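Have a look at the structure below, then the notes.
Residue numbers (my numbering): 604 to 773.
Structure, rendered in C-alpha cells:
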C-alpha cells in the first residue's frame, strides 16, 4: 500500500491533469475562433497529452490497489486576451504543473516510496520537455508573430503537430 499523503497527492494530480486538458482545449478554441488553426491544433494535441497523463496517474493508483477519486474540474479562469498572452499563460501553467510533480516526488521521497518516485521520474523529464516546448513557442512567436506572413508560416508549422501517446510502462 502507498502512503496516505502520497495517494492524496496522486489523486489531486489526476484532477490537475484533467484541468490542464480542459485549459488547453480552451486555448485551442480561442485560436480556432481567431483563424489560427495551427496554434489551435498545437493546443488540442497538448490537451490530449494532458488527458493521457491523468490516465497514467489513474492506472498507477489502480495498479497499487488505491481508490481513484475524481473531483469536479473547474472552468479555466485564464483571460484569453491575445495569441501571445495565451502562450505565456501556457508556460506559467507548465511551471505550476512541474511544481505539483515535484511536491508529489518530495512526499514520496520523505516516506522512501521508491516505486512512486520511479513512476514520477518520467513526469519530471516530461515536464522539462513541456516547459522547453512552451518557452520555444513563445520565442518563435516573438520572432515572427508581428509579421503576418511569418505568423502564417508558424501557424502552418504548428498545424503539423500530431499526437503521440506516452510510452510509459507501468
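Each residue gets a CB set at the ideal place from its N, CA and C atoms; glycine is no exception.
Keep in mind it's a predicted model, so treat the numbers as computed, not measured.
One alpha carbon belongs to residue 760, the other to residue 694, and they sit about 19 Å apart.
Rounded to the nearest whole angstrom, the C-alpha separation of residue 702 and residue 725 is 15 Å.
Pairwise C-beta distances place the stretch 662-680 in contact with the stretch 612-632, as three or more of them are shorter than 8 Å. Nearest in C-alpha terms to residue 660, of all of 648, 619, 751, is 619. Residue 716 and residue 668 have their C-alpha atoms some 15 Å from each other. Restricting attention to 604, 727, 765, the CA atom closest to the CA of residue 665 is found in 604. Closest in alpha carbon position to residue 657, among 732, 718, 700, 645, is 700.
A straight line joining the alpha-carbon of residue 641 with that of residue 704 spans about 29 Å. Assignment of residue 764 by DSSP, reduced to helix, strand and coil, places it in the coil class.
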